[in-house]
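Working notes, beginning with the structure itself.
There are 2 protein chains.
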Amino acid sequence: MSSSTDLEQIESRIVELVKDFVTPHADDAVAPSCKGVADAVARQAVVSSEGGKRLRALLTLDSFRTFADDAAVAADFDAVLDLACAVEVFQTGALVHDDIIDDSDLRRGKPSAHRALACGTHSDAIGHGLGIMLGDMLATSSVDIANRAARRLSHCDDVVGAFLTMHREVEIGQVLDLAVELNPLNDPEGLVDASLNVFRWKTASYTTIAPLEFGMLAAGSDAATARDHAMAIGLPLGLAFQLADDLLDVVGSSHNTGKPVGGDIREGKRTVLLADALSGANATERAELIDIWEAPSRSEEQVRQAITLFASTGAIERSHDRIHDLWNASKSVIDTLDVSDDRKELLAMACARFVPIVA
Amino acid sequence: MSSSTDLEQIESRIVELVKDFVTPHADDAVAPSCKGVADAVARQAVVSSEGGKRLRALLTLDSFRTFADDAAVAADFDAVLDLACAVEVFQTGALVHDDIIDDSDLRRGKPSAHRALACGTHSDAIGHGLGIMLGDMLATSSVDIANRAARRLSHCDDVVGAFLTMHREVEIGQVLDLAVELNPLNDPEGLVDASLNVFRWKTASYTTIAPLEFGMLAAGSDAATARDHAMAIGLPLGLAFQLADDLLDVVGSSHNTGKPVGGDIREGKRTVLLADALSGANATERAELIDIWEAPSRSEEQVRQAITLFASTGAIERSHDRIHDLWNASKSVIDTLDVSDDRKELLAMACARFVPIVA
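In order, the protein sequence lines correspond to chains A and B. With the first letter of the first sequence counted as 1, position 345 gets the number 345 in UniProt numbering; the numbers rise by one all the way through. With the first letter of the second sequence counted as 1, position 127 gets the number 127 in UniProt numbering; the numbers rise by one all the way through.
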């Protein structure tokens with residue numbers, strides 16, 4: 001099981017790796033008059049990297065420990081640590097772009113990167129541009145970190161290939177996430193299918209499937225076996241995680257998430273919760289939900305009313321049931337793995353961190 | 001020397017590679033209701049990939065031919081062709097983001113990607129988001145293509161490392177390009193230095209240095225030698241290329257560039273041309289230039305007046321001189337290379353494509 005030492009090592013290594021990548025090196029000549037802005041972007045890269053729960057990095061390490069023999073755990077730990085950090089750096093870059101796309105002011109309780117950079121340069125346009133470039137830099141940095149880590153491991157080509165596949169899947173997922181916003185509201189079943197499909201691409205891909213796969217590949221599994229196991233365990237787990245995250249947006253507090261409660265509703269996002277609410281609603285409730293979502297923006301009263309409808313239509317309970325079933329599916333695959341009971345336990349506890357709501 | 005066959009092979013291979021990456025594969029389940037948007041993004045990836053002059057890919061191939069022995073040229077050509085295409089795909093992705101940052105309507109004479117996607121989805125916000133993701137997808141695709149190509153070559157780790165360095169340098173360059181916009185106009189020498197420094201990062205890096213380096217690495221050069229030669233030839237060549245491109249923006253026609261004449265001036269960009277004009281201007285001319293650039297926007301008459309001032313202050317002639325000197329610096333390094341005269345000639349002609357204005 002990961003100790004607090006894992007977390008500490010992940011935190012300090014992320015800062016080292018990100019700083020090294022985004023800071024112009026001693027032999028990189030940058031014009032003095034531009035250095036201030038370059039330094040501000042480098043500082044923001046570190047600030048944006050702080051504050052994550054590091055669930056993905058922890059899962060990468062624990063997946064490695066589950067499948068590697070003891071000698072490999074000792075010899076290859078540092079390389080796998082870097083690979084674990086690469087997943088976190090990738091996420092940070094993806095969130096920087098996500099906040100630009102969603103026009104979000106806050107991330108993890110602090111100003112989003114493009115807002116902070118707009119503030120620092122006294123220009124919304126330049127902040128927006130620097131935010132896009134910061135996201136690009138973190139994405140490249142993540143591949144660079146993963147590539148260097150993979151070079152120190154066997155199956156290195158498979159690791160780099162899987163890392164690039166993860167990038168591609170999340171990018172397709174973000175496209176699908178925007179596509180869902182164009183879905184009609186009069187087909188709740190279609191909306192459930194589409195939303196769960198988006199979760200597979202934009203969330204499960206890098207949150208659970210890829211960390212499990214990286215750990216297995218680093219432990220020496222062949223590519224096909226690693227992919228199959230990672231999908232079988234990680235896909236239901238990743239869906240459960242996103243459903244729980246969406247639920248937290250409705251029933252949680254802004255203290256827990258660093259975001260105001262009901263943020264998804266305020267943005268008019270089409271979620272599984274909304275689809276389940278439309279599905280379980282009577283005619284009056286359904287008309288009310290559609291009115292709220294089709295309005296150009298939503299008042300605080302409408303946000304509260306939507307949450308009330310999510311409860312009264314059974315959507316919140318339905319999400320709890322979905323999460324429970326998905327978590328059981330994930331656990332049952334872990335039970336069938338050809339590893340010792342201790343290691344099954346280790347992996348199950350690592351996976352349980354993604355669904356504190358039921359586990 | 002590259003024949004038209006090089007160009008034809010580059011064009012058709014780019015389309016194959018981009019389509020393969022951006023299109024969800026047969027085993028990638030995408031929800032039916034989201035497929036239309038995913039397909040639109042995939043189509044736009046191909047459309048955005050069309051219409052480049054492919055100078056970077058051609059230079060990669062000719063650099064390879066200059067340094068490789070005949071057996072390697074035959075055996076490794078297909079892998080180097082893919083590597084050459086990867087540089088073009090990288091550029092396409094960078095331009096998609098650049099057009100979002102600059103809020104540009106046109107690229108290569110067609111609607112910019114985010115504008116086309118906004119039109120297709122009837123939403124500026126969704127077009128903007130899809131444009132950011134398309135740029136991300138093309139960036140990942142370029143690394144994926146380069147990584148697969150490198151695996152088929154010797155020195156494969158050096159090739160992947162150099163490819164990621166290129167990404168990083170251009171990303172830093174785009175940050176510096178935004179930083180220059182905050183530079184004061186009362187220090188023309190500082191502005192010249194800063195602008196040339198930006199050209200090194202955002203243009204020379206991937207336009208000339210990296211293609212030369214990739215060709216040399218693919219031909220079997222060690223990493224340090226390849227980098228040194230690529231910098232010595234490619235840095236002055238890349239600066240000359242960008243100066244010539246900026247000059248074309250002022251003296252060219254929109255038929256040549258696919259962009260309206262004076263676009264940089266209209267945007268109020270701080271260029272070497274502007275810095276040279278400020279440097280060579282008398283007090284009246286300088287005040288006039290500063291007024292034009294500090295205005296919130298520029299009229300067509302002001303654009304014409306700025307071009308007149310670029311000529312009367314000697315800035316246009318100064319740019320011609322700079323381009324000439326830089327091209328001579330690049331050529332003189334080619335002359336010192338330890339390859340046959342035929343091959344020096346081949347490389348010089350490949351480099352000359354970047355500066356048709358003097359070569």
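Positions of the beta carbon are idealized from the N, C-alpha and C atoms, including for glycine. Since the structure is predicted, the reported quantities are computational estimates derived from the model, not experimental observations.
Does any residue of chain B have a CB that is nearer than 9 Å to the CB of residue i?
i                 : result
GLY268 of chain A : no
TRP201 of chain A : yes
LEU191 of chain A : yes
THR5 of chain A   : no
VAL151 of chain A : Sequence check: residue 151 of chain A is Arg here, not Val. Output row for ARG151 of chain A: interface = yes.
CYS34 of chain A  : yes
VAL198 of chain A : yes
SER254 of chain A : Any reading at SER254 of chain A is ruled out, since the residue's pLDDT is 48, under 50, leaving its predicted position unreliable.
ALA29 of chain A  : yes
THR92 of chain A  : no
PHE21 of chain A  : yes
ARG56 of chain A  : no
From residue i to residue j, what does the alpha carbon distance come to, in whole angstroms?
i                      : j                 : result
ASP249 of chain A      : GLN9 of chain A   : 30 Å
PHE199 of chain B      : GLY238 of chain B : 8 Å
ALA179 of chain B      : GLN242 of chain A : 38 Å
SER254 of chain A      : VAL261 of chain A : Note on SER254 of chain A: pLDDT 48, under 50, position unreliable in the model; the coordinate value appears next. Computed Cα separation, rounded: 6 Å.
ASP76 of chain B       : CYS119 of chain A : 50 Å
ASP157 of chain A      : VAL339 of chain B : 34 Å
ASP20 of chain B       : LEU95 of chain B  : 20 Å
VAL160 of chain B      : ALA74 of chain B  : 22 Å
PHE64 of chain A       : ALA224 of chain A : 16 Å
ILE145 of chain A      : GLY135 of chain B : 21 Å
ALA295 of chain B      : ILE209 of chain B : 37 Å
ALA350 of chain B      : PRO236 of chain B : 15 Å
MET1 of chain A        : ARG343 of chain A : Low confidence applies to MET1 of chain A: its pLDDT is 47, below 50, so where it sits in the model is not reliable, and the reading given next is rough at best. Computed Cα separation, rounded: 9 Å.
GLY173 of chain B      : THR203 of chain B : 8 Å
HIS25 of chain A       : SER142 of chain A : 18 Å
residue 426 of chain A : LEU212 of chain A : Here chain A has residues from 1 to 359 only, and residue 426 of chain A is not among them.
ASP82 of chain A       : ARG13 of chain A  : 7 Å
GLY124 of chain B      : LEU130 of chain A : Per the sequence presented here, residue 124 of chain B reads as Asp, with Gly not at that position. Distance between the alpha carbons of ASP124 of chain B and LEU130 of chain A is about 20 Å.
Could you tell me whether any Cβ in chain A is nearer than 9 Å to the Cβ of residue i?
i                 : result
THR313 of chain B : no
MET133 of chain B : yes
ASP76 of chain B  : no
LEU182 of chain B : yes
THR207 of chain B : no
PRO188 of chain B : no
SER279 of chain B : no
GLY129 of chain B : yes
ILE316 of chain B : no
VAL159 of chain B : no
PRO24 of chain B  : yes
THR140 of chain B : yes
MET137 of chain B : yes
Using DSSP with H/G/I as helix, E/B as strand and the rest coil, what is residue i?
i                      : result
residue 363 of chain A : Residue 363 of chain A lies beyond the residue range present for chain A, which begins at 1 and ends at 359; the question has no answer from this structure.
LYS269 of chain B      : coil
ARG107 of chain B      : strand
LEU153 of chain B      : coil
GLY252 of chain B      : coil
LYS19 of chain A       : helix
ILE357 of chain B      : coil
PRO188 of chain A      : helix
VAL175 of chain A      : helix
SER297 of chain A      : coil
LEU337 of chain B      : coil
LEU55 of chain B       : helix
On the premise that residue j lies in contact with residue i, defined as a C-beta separation below 8 Å, what is that separation, rounded to the nearest angstrom?
i                      : j                 : result
ALA162 of chain B      : PHE214 of chain B : 6 Å
residue 403 of chain B : VAL175 of chain A : Past the edges of chain B, shown from 1 to 359, lies residue 403 of chain B, and the structure says nothing about it.
ASP246 of chain B      : LEU289 of chain B : About 16 Å separates the two Cβ atoms, so there is no contact after all.
ALA277 of chain A      : LEU309 of chain A : 6 Å
ILE323 of chain A      : VAL355 of chain A : 6 Å
THR66 of chain A       : LEU347 of chain A : 4 Å
Quick one: which chain E residues come within Cβ less than 7 Å of residue i?
i                 : result
THR121 of chain A : Reference to chain E is not applicable here, since the protein chains of this structure are A and B.
>> Across the region 89 to 99 of chain B and the region 166 to 182 of chain B, are there enough close Cβ pairs to call them in contact, namely three or more that are closer than 8 Å?
In response: The answer is yes - the region 166 to 182 of chain B touches the region 89 to 99 of chain B, with three or more Cβ pairs under 8 Å.
> Does the region 187 to 195 of chain A come within contact of the region 53 to 71 of chain B, defined as at least 3 CB pairs closer than 8 Å?
Replying inline: Result no; under three Cβ-Cβ pairs closer than 8 Å.
>> Using a Cβ distance threshold of 8 Å, determine whether the region 222 to 241 of chain B contacts the region 324 to 339 of chain B, with at least three qualifying pairs required.
In response: Contact between the region 222 to 241 of chain B and the region 324 to 339 of chain B is present: 3 or more CB-CB pairs across the two stretches fall below 8 Å.
> With contact counted as at least three CB pairs below 8 Å, one residue from each stretch, are the region 216 to 224 of chain B and the region 137 to 156 of chain B in contact?
Replying inline: Short answer: they touch.
> Can you find at least 3 beta carbon pairs, one from the region 181 to 192 of chain A and one from the region 35 to 49 of chain A, that sit closer than 8 Å?
Replying inline: No, the region 181 to 192 of chain A is not in contact with the region 35 to 49 of chain A.
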